[in-house]
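Start counting the sequence shown at 1; every next residue gets the next number (our numbering).
Report on one structure; see the data block that follows.
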Amino acid sequence: MNALNVIHPYGSIGDLVIDAGQMGYFGEERNTNTILRATSDVRTFTEGVADANTPREISEALQGARLLIFLGFSFIDLNMRLLPGDGVSVERILATTKGRSSDTKNRIENSLAGDYADDDHSRIELFDGYCWKLFWDFDHYLANNEHA
1 MNALNVIHPY
11 GSIGDLVIDA
21 GQMGYFGEER
31 NTNTILRATS
41 DVRTFTEGVA
51 DANTPREISE
61 ALQGARLLIF
71 LGFSFIDLNM
81 RLLPGDGVSV
91 ERILATTKGR
101 SSDTKNRIEN
111 SLAGDYADDD
121 HSRIELFDGY
131 CWKLFWDFDH
141 YLANNEHA
């Protein structure tokens, strides 16, 4: 994987700085200042998307993408409206759906297959686990394939 384009429609809790193999900020000691700093750039669903250009950024990022990974996306209507509904076809989709019912997972898979996989359900992997575990379980696939 040569590039990773992460879009945070509702803001971010801060930077993940990796320098010489060491991570900074992420996981640092919690105190009032770090908590306030981390939450100052996060918006709730009711506050809406942090940047009006986000739907355009998402659409542009999807053009030419070969792999889509959805982490903690929930696939609620509010989030789905951020995505373009057509004109994009990718080789594979990985998505976390932890705790979702079988019915909901079927609906999510059908939606993703129709919108982004030319109705080919074999391109879609719905993962019933935590985000970090998706990366752990698919580490060889992600490391040995060019997706960007």
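Ideal placement from N, C-alpha and C gives every residue a C-beta, glycine not left out.
Predicted model only: the values in this text are computed from it and were never measured.
> Just reading off the beta strand (DSSP E) that Phe127 is part of, what are its end residues?
Replying inline: Within the sequence shown, residue 127 is the residue found at index 127, counting from 1. Note, Phe127: beta strand (DSSP E), 124-127.
> Got a sec, what are the start and stop residues for the beta strand (DSSP E) Ile69 sits in?
Replying inline: In the sequence shown, counting from the first residue as 1, residue 69 sits at position 69. Run containing Ile69: 67-70, per the beta strand (DSSP E) assignment.
> Hey, which unbroken runs of the beta strand (DSSP E) at 3 residues or more fall wholly within the segment 85-135?
Replying inline: 92-96, 124-127
> What is the DSSP secondary structure of Ile58, reduced to helix, strand or coil?
Replying inline: Position 58 of the sequence shown, counted from the start, is the residue given in the question as residue 58. Ile58: helix per DSSP, three-state reduction.
> For Leu112, which of Ile7, Asn5, Leu68 has the nearest alpha-carbon?
Replying inline: Taking the first residue of the sequence shown as 1, we reach residue 112 at position 112. For the residues Ile7, Asn5, Leu68, the minimum Cα distance to Leu112 belongs to Leu68.
> Rounded to a whole number of angstroms, what is the C-alpha to C-alpha distance between Asp119 and Ala52?
Replying inline: By 1-based counting over the sequence shown, the position of residue 119 is 119. By 1-based counting over the sequence shown, the position of residue 52 is 52. Each residue's alpha carbon lies about 30 Å from the other.
> Closest by CA to Pro9, which one among Asp139, Asp115, Ala143, Asn79?
Replying inline: The sequence position of residue 9 within the sequence shown is 9, counting from 1. Taking only the C-alpha atoms, the option nearest Pro9 is Asn79.
>> Quick check: Ala117 and Ile93, are their CB atoms within less than 8 Å of each other?
In response: As a working mapping, residue 117 is identified with position 117 in the sequence shown. As a working mapping, residue 93 is identified with position 93 in the sequence shown. Closer than 8 Å, so yes.
>> Going by beta-carbon coordinates alone, are Gly129 and Lys98 separated by less than 8 Å?
In response: What you label residue 129 is simply residue 129 of the sequence shown in a count that begins at 1. What you label residue 98 is simply residue 98 of the sequence shown in a count that begins at 1. It is a contact, given that the beta carbons lie within the stated cut-off.
> DSSP on His8, reduced to helix/strand/coil?
Replying inline: One-based indexing of the sequence shown puts residue 8 at position 8. It is coil, neither helix nor strand.
> Beta-carbon separation of Thr96 and Gly72 under 8 Å?
Replying inline: Residue mapping note: residue 96 aligns to position 96 of the sequence shown, counting from 1. Residue mapping note: residue 72 aligns to position 72 of the sequence shown, counting from 1. Taking 8 Å as the Cβ cut-off, Thr96 and Gly72 qualify as a contacting pair.
> Shortest alpha-carbon distance to Arg81 belongs to which of Asp115, Phe138, Lys133, Gln63?
Replying inline: Counting from one through the sequence shown, the residue named residue 81 turns up at place 81. If we check each option's Cα against that of Arg81, Asp115 comes out closest.
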